[in-house]
């Protein structure tokens, strides 16, 4: 019951006029970045982060988290109306959402999407409320070897469960770790891997990497496709929304199953994209009439949307409790926490309970605010997409580069963003997963410190990772996850749908 | 047309080189053990080696698939039409970066937006100039005035007294 009392305290923190305003602003900005191709949740958070450096951490995280929810919702709007996923995680929503819209059931599709998304998100948040305190107090027993084992598990599950080529995942992850080591070494004080370039002294910021890889890279891909927006007009009437809401209980099984898939994929770093694909495939396979899928079946909208949002919100659990982000966006937020001087991980619950519980309470409120706002503003944001891409594209470019510059006021970062953009474009075309690279950049230093400290404890023997039951179990789970492709080769072949790419 | 095979090979070679550069850089700092634990170069050394090894693996796998006649690798990575579209976007974007560091970000934004709208989007001068100047005015007011964040400035802003 401790958690409930804490949560109530959290609501006191979150329920101020100032914070509600920030939530609304965050959701609106989030829907905007979600709707615009080339700008996504990780990107939006990266661009906004420099503006929060002077804010109070609680306000800042509420703003960024609301932007995240908004972006998840915005991605679905474009999927349904324009058949263009605004976010990679809403690709699966296009399969049935757009056919529904074309049949004149756009409002129904949108309402189903937003309501089930809200349901999924709430499931994720309830899980966080119930489990985070427990996970954090459990994690207080961790010392360096256990932490390294948890990091190992995280990356092992990327390699094993990510769906991309394991070798490519290793390359992407390794590049992230390598970039994280550039600059000052916090343990020895040496300046490493700068190759005599002064601009590298301060290291390579993960913000620049996100802006380049996700923003510029995505824009280049969009341009290559020669994208045209041909949307279905939609006006959302409150009556239609309510009628759709009344139909929701009929899909309780799909809602529950998708929430569970989403929560699982959010806690393990599978991420929202993989969750939505997996949930769609499961819904199709377990449906009584799978032939209807792809032609405008409501369950084909509900399943991926619920899982997407459940994964998105539950990705905050490992970030808060263990200091390990469950998605690329959570990774950026965690980087933000460290910039604000907070130390994500179990100690955060005892050091800054107002921050943790304020954030959790704001997740409840933020998602409700998001559902209302997103339903109210569908026509507005749909009209933004009617602005030709020859105007929107260059504007997004300008915003990305300004964001890259404001991250640290360094001229060199603009060049770096350009390079990351090219890398992102090629990596995406060749199915190199990008999320592991960003995650590795954010937690690289912590992983390295954990490894070095473990080595100091054990005088250089790797056996420390098997020295007690806890760390041994964690390492064993990690190894199982790592060799999942080998173990699950047979199971994998049975999966109907193509492999989901992680982002 | 570049096939996917060559794109895969080229990328794998680049990541291989990246891994080796990291390995070489780490060797400077020692990869062994000293009184304070592992030397600073150890962690990056193994990371670099891992990247290099995985790149070699990708190379070998790609070559193997090519010899087996994989249809995926024969697909086009980029053709003339798509390449033209990417370059039409990428080159002005690169020019924007160059202009940003030489003339400042505000001037670069105006030039870039006007170019993209007038010459690539086919809009009139009035619409292009209005969009560009409104954007810059918005950026200036929100960043410099509201958030007190300065952008890169070039030689022109002082002349205007900004």
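Protein chains in written order, with my numbering: chain A, 1 to 503; chain B, 1001 to 1162.
Note that beta-carbon positions come from the ideal geometry of N, C-alpha and C, so glycine has one too.
Note that the structure is predicted; figures quoted are calculated from it, not measured.
query, result
"Measuring CB atoms only, is the region 252-271 of chain A touching the region 312-321 of chain A, in the sense that at least three cross pairs come out at less than 8 Å?", "yes"
"With DSSP as the reference, label residue 1153 (chain B) as helix, strand or coil.", "strand"
"Quick one: which chain B residues come within Cβ less than 7 Å of residue 405 (chain A)?", "1105, 1151, 1152"
"Could you tell me whether any Cβ in chain B is nearer than 8 Å to the Cβ of residue 155 (chain A)?", "no"
"Per the contact definition of three or more C-beta pairs closer than 8 Å, is the region 138-158 of chain A in contact with the region 274-284 of chain A?", "no"
"Distance, Cα to Cα, residue 58 (chain A) vs residue 326 (chain A)?", "20 Å"
"Straight-line CA distance for residue 246 (chain A) to residue 238 (chain A)?", "12 Å"
"Taking DSSP as the reference, what is the three-state secondary structure of residue 184 (chain A)?", "strand"
"What are the residues in the region 168-189 of chain A lying within 8 Å of chain B by C-beta distance?", "168, 170, 171, 174, 175, 177, 178, 181, 185, 187, 188"
"Check residue 1122 (chain B) in the structure and name its three-state DSSP category.", "coil"
"Round the Cβ separation of residue 1163 (chain B) and residue 1041 (chain B) to the nearest angstrom and send it over; I've been treating them as touching at under 8 Å.", "The displayed coordinates of chain B run from 1001 to 1162. Any statement about residue 1163 (chain B) would go beyond what the structure contains."
"Using a Cβ-Cβ cut-off of 8 Å, state whether residue 1040 (chain B) counts as contacting chain A.", "yes"
"Mapping the DSSP letters down to three states, classify residue 192 (chain A) as helix, strand or coil.", "strand"
"Please list the terminal residues of the continuous alpha helix (DSSP H) segment that includes residue 4 (chain A).", "2-14"
"Does DSSP put residue 143 (chain A) in a helix, in a strand, or in coil?", "coil"
"Assess, as a yes-or-no matter, whether the region 189-203 of chain A is touched by the region 10-19 of chain A under the definition of 3 or more beta carbon pairs within less than 8 Å.", "no"
"Should residue 224 (chain A) be flagged as near chain B, meaning a C-beta pair shorter than 8 Å?", "yes"
"Can you give the beta carbon distance from residue 115 (chain A) to residue 244 (chain A), rounded, assuming they're within the 8 Å contact cut?", "7 Å"
"What residues in its chain sit with their C-beta under 8 Å from that of residue 1152 (chain B), if we drop five residues either side in the sequence?", "1100, 1101, 1104, 1105"
"Quick one, which residues of the region 409-431 of chain A are near chain B if we go by CB-CB under 7 Å, in chain order?", "411, 414, 415, 418, 426, 429, 430"
"Strictly under 8 Å for the Cβ-Cβ distance: is residue 61 (chain A) near chain B by that measure?", "no"
"Give the range of the beta strand (DSSP E) segment to which residue 1078 (chain B) is assigned.", "1076-1078"
"Compare the C-beta of residue 438 (chain A) against all C-beta atoms of chain B and say whether one is closer than 8 Å.", "no"
"To be precise: take each residue of the region 1054-1069 of chain B, compare its Cβ to all Cβ atoms of chain A, and keep it if any distance is under 8 Å. Which residues remain?", "1054, 1055, 1057, 1058, 1061"
"Just the chain A side, please: which residues come within less than 8 Å of residue 1117 (chain B) by C-beta, in chain order?", "390, 391, 394"
"Going along chain A in order, which residues have a C-beta closer than 8 Å to the C-beta of residue 1007 (chain B)?", "426, 429, 430"
"Ordered along the chain, which non-local residues of its own chain (more than five positions away) have a Cβ less than 7 Å from that of residue 1029 (chain B)?", "1039, 1040, 1041"
"Taking CB distances under 8 Å as the criterion, tell me whether residue 1031 (chain B) reaches chain A.", "no"
"Which residues in chain A have a C-beta closer than 7 Å to the C-beta of residue 1101 (chain B)? List them in chain order.", "411, 414"
"How about residue 311 (chain A) and residue 275 (chain A): are their beta carbons less than 8 Å apart?", "yes"
"Runs of 4 residues minimum, wholly inside the region 65-116 of chain A: which ones carry the alpha helix (DSSP H) assignment?", "91-102"
"What residue ranges within the region 1034-1086 of chain B form continuous beta strand (DSSP E) runs of no fewer than 3 residues, ordered along the chain?", "1076-1078"
"With DSSP as the reference, label residue 226 (chain A) as helix, strand or coil.", "coil"
"With distances taken Cα to Cα, identify the nearest neighbour of residue 23 (chain A) among A:372, A:204, A:470.", "A:372"
"Just checking my contact of residue 92 (chain A) with residue 304 (chain A) at CB under 8 Å: how many whole Å lie between their CB atoms?", "4 Å"
"Check the Cβ-Cβ distances between residue 455 (chain A) and every residue of chain B, and say whether any is below 8 Å.", "yes"
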